[in-house]
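Engineer: Counting in UniProt numbering, the sequence shown runs from 1 upward without gaps.
Backbone N, C-alpha and C fix where the C-beta goes; we use that ideal spot for every residue, glycine too.
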Amino acid sequence: MELAPLLFISLLWGCSGRPTNKLVVVPKEPVVQYGDAVQLNCSLPCPGGTVQWKGLDTNLGSIDTFLTHSILKISNVKLATEGVKICQGTCGDSSYQNTAILKVYSLPEVLQLNVDQALIPGQPSTLHCSALHVYPITGLQLAWYREDKLLMDEFEETETDEGLFDVVTTVRVSGEDVTEGVVFRCELTLRIGSKIFIRVVSIPVSSRAVTEQPTAMATTTESPHTTMTTTVIHSITEPAAITVPSPEPHEPSTALNAVSQRPETPTEWVAASKPTLPEEHHQDPAVGTASLHLDSTAAPSMGTVSPAATQGAAVDDSSPGSHITTPTCSLQIWSLPPNGIRGKALRIECQAQCTQNASVRWLHTPVALSQYREEAVGSGSTLWLDRAEPHHQGHYQCILLGRHAQAVSMQLMVSDDTSSSILPIAMGTSFSLLGLIVTGIVSRHLWKRFKSHYNLS
């Protein structure tokens, strides 16, 4: 019986009588956006030990060192700060070393779209899709799709002075492919480390007017702060080339621009036009546009389902050809049970109800999608968990792809199973009440005996 404590102590202490401490670096493989800040924490729980970051690259940041840990702070991540960071520590006569691998990425919020001429059913056209200031080029995919059919997955790249890349992909579509209701989609996918980032721009073909619908999506399977969804629809009644005015400094850049001449390089696409994504877009009445802005859904309360994205329309009545395209799809998200129970099965469903086939994609989950069992059937997708845990609670968001792009979200809570503790609590309460009753009876009986004995004496 006395061997167990000795074995336990031997696990905590080394041969020399010191704790077998380990040097811990957190985060181990951070993926940071270009220009953002990051902190790397190196710790060694050893009183009297030392911890410090080493290497010439640490000069690119600041270091705060304490008794048991050291923090490397980089306020403005650049390509030069990418790579392996080394931390060293000592505890008595023992030395330790651990590393962190910092990965940097850069992506625009939305893609830039250029069409040589208006998309008219039966008429051929050339579509250009570009992304500016992209990094790294390894793991990058930029492709054009007609519905779900791949048209082009090759792109041209131009390196900038900062070491970033401007990329563009061009596809020529025949008149036979330009039919009523068909959606052409440009999709960028960047895989870096354990994260996946996606940007999408789509153009549906309309016989009444040329409808351009850029859908910008930023998604990662792990970082909620990079998740956003923005949708704008522009209906252009004139087949002539339209140039959207340059943005104000405070407005985000968007991906809608049509030019009559094709620039030679991806960088020249920017020089040709820098379109904007305002709340309400006003153009010259001669152009004749109707715009529709789908507001992103607000975060719902715990365990509730957010409704489908609502619409606000701004119509220019000066043009007789103006019209509003209203979506014919609804998107819903829910979980069963409504609140997860730790250790119990759980499923989260996202379902679209459309007149035609639709594609649904998960835009954000608290943990990587690989930790779920995903089933995609019809116009919906379901995430299955055999055992729900606290790290599965949080923000869930899915999106409907295509011309009727919508996004819905919900906040899920995972709590401990309280049903198993109801019986012990009830039994404990019953025994407590029974004990009080018995104590009262015994006390009263003793008091009567004492009083009777006192009166007799």
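Decide if the stretch 362-372 is in contact with the stretch 382-397; the criterion is three or more beta carbon pairs, one per stretch, under 8 Å apart.
Structural biologist: The stretch 362-372, when compared against the stretch 382-397, does touch it at the 8 Å Cβ threshold.
Engineer: For residue 64, report the span of its beta strand (DSSP E) as first-last.
Structural biologist: 62-65 is the extent of the beta strand (DSSP E) around residue 64.
Engineer: Is the number of C-beta pairs between the stretch 22-31 and the stretch 89-105 that are closer than 8 Å three or more?
Structural biologist: Yes: the two stretches touch, three or more of their Cβ pairs being nearer than 8 Å.
Engineer: Would you list the one or two residues that DSSP bridges to residue 364?
Structural biologist: Partner(s): 397.
Engineer: What is the DSSP secondary structure of residue 281, counted as helix, strand or coil?
Structural biologist: Model confidence at residue 281 stands at a pLDDT of 37, short of 50, so the residue's coordinates are unreliable; what they give is reported in the following sentence. Of the three classes helix, strand and coil, the one that applies to residue 281 here is coil, per DSSP.
Engineer: Taking all protein chains shown into account, decide if residue 80 is buried (16 or more other Cβ within 10 angstroms of its Cβ) or exposed.
Structural biologist: So residue 80 counts as exposed.
Engineer: Beta carbon of residue 200, beta carbon of residue 187: below 8 Å?
Structural biologist: Yes, Cβ-Cβ distance for residue 200 and residue 187 is below 8 Å.
Engineer: Three or more beta-carbon pairs under 8 Å between the stretch 31-48 and the stretch 64-73, yes or no?
Structural biologist: The answer is yes - the stretch 64-73 touches the stretch 31-48, with three or more Cβ pairs under 8 Å.
Engineer: Taking C-beta to C-beta, are residue 333 and residue 372 nearer than 8 Å?
Structural biologist: Their beta carbons are not under 8 Å apart, which means residue 333 does not touch residue 372 by this criterion.
Engineer: Taking the C-alpha atoms as reference points, what is the distance between residue 409 and residue 398?
Structural biologist: Between residue 409 and residue 398, the C-alpha separation is close to 6 Å.
Engineer: Evaluate contact between the stretch 112-125 and the stretch 144-155, counting only Cβ atoms and requiring at least three cross-stretch pairs below 8 Å.
Structural biologist: Contact fails: fewer than three Cβ-Cβ distances are below 8 Å.
Engineer: Taking DSSP as the reference, what is the three-state secondary structure of residue 441?
Structural biologist: Here residue 441 sits in helix by DSSP.
Engineer: Whole-angstrom Cβ separation of residue 352 and residue 329, contact assumed at under 8 Å?
Structural biologist: Between residue 329 and residue 352 the Cβ distance is about 6 Å, and since that is below 8 Å, they are a contact.
Engineer: CA-CA distance, residue 110 and residue 133?
Structural biologist: Rounded to whole angstroms, residue 110 to residue 133 spans 11 Å at the Cα level.
Engineer: Does the Cβ-Cβ distance between residue 183 and residue 198 come in under 8 Å?
Structural biologist: Contact: no.
Engineer: By the three-class DSSP mapping on this structure, what secondary structure does residue 155 have?
Structural biologist: Residue 155: coil per DSSP, three-state reduction.
Engineer: Quick check on residue 119: does DSSP put it in helix, strand or coil?
Structural biologist: Residue state, collapsed to three classes: coil.
Engineer: Any idea what DSSP makes of residue 80, helix, strand or coil?
Structural biologist: DSSP places residue 80 in helix when its eight states are reduced to three.
Engineer: Give me the Cα-Cα distance between residue 393 and residue 443, rounded to the nearest whole angstrom.
Structural biologist: Approximately 53 Å, taken between the alpha carbons.
Engineer: Could you tell me the distance, in whole angstroms, from the CA atom of residue 376 to the CA atom of residue 53?
Structural biologist: For residue 376 and residue 53, the distance between alpha carbons rounds to 46 Å.
Engineer: Assuming contact is defined by CB atoms lying nearer than 8 Å, are residue 103 and residue 31 in contact in what I supplied?
Structural biologist: In this structure, residue 31 lies closer than 8 Å to residue 103 by Cβ.
Engineer: Distance, Cα to Cα, residue 361 vs residue 378?
Structural biologist: If you take the alpha carbons of residue 361 and residue 378, they lie about 12 Å apart.
Engineer: Report the three-state DSSP secondary structure of residue 411 (helix, strand or coil).
Structural biologist: Residue 411 falls in the strand class under three-state DSSP.
Engineer: Secondary structure at residue 370, three-state DSSP: helix, strand or coil?
Structural biologist: Three-state result, residue 370: helix.
Engineer: Would you tell me roughly how many angstroms separate the C-alpha atoms of residue 412 and residue 192, rounded to the nearest one?
Structural biologist: Rounded to whole angstroms, residue 412 to residue 192 spans 27 Å at the Cα level.
Engineer: Helix, strand or coil: how does DSSP classify residue 164 here?
Structural biologist: Here residue 164 sits in coil by DSSP.
Engineer: Please report the distance separating the alpha-carbon of residue 337 from that of residue 347.
Structural biologist: Distance between the alpha carbons of residue 337 and residue 347: 8 Å.
Engineer: Please classify residue 114: is it buried, with 16 or more other beta-carbons within 10 angstroms of its beta-carbon, or exposed?
Structural biologist: Buried.
Engineer: Any idea which residues DSSP pairs residue 340 with across the strands?
Structural biologist: Partner(s): 414.
Engineer: Let me make sure I understand the geometry here. Which of 354, 94, 158 and 177 has the alpha-carbon closest to that of residue 137?
Structural biologist: Of the listed residues, the one whose Cα sits closest to residue 137 is 158.
Engineer: Can you grab the Cα-Cα spacing for the pair residue 135 / residue 46, in whole Å?
Structural biologist: If you take the alpha carbons of residue 135 and residue 46, they lie about 40 Å apart.
Engineer: Looking at residue 342 and residue 438, is the spacing between their C-beta atoms short of 8 Å?
Structural biologist: It is not a contact, given that the beta carbons lie outside the stated cut-off.
Engineer: With distances taken Cα to Cα, identify the nearest neighbour of residue 62 among 76, 49 and 50.
Structural biologist: With distances taken between Cα atoms, residue 62 lies closest to 76.
Engineer: Over the uninterrupted beta strand (DSSP E) stretch that includes residue 97, give me the two end residues.
Structural biologist: Per DSSP, residue 97 belongs to the beta strand (DSSP E) from 94-105.
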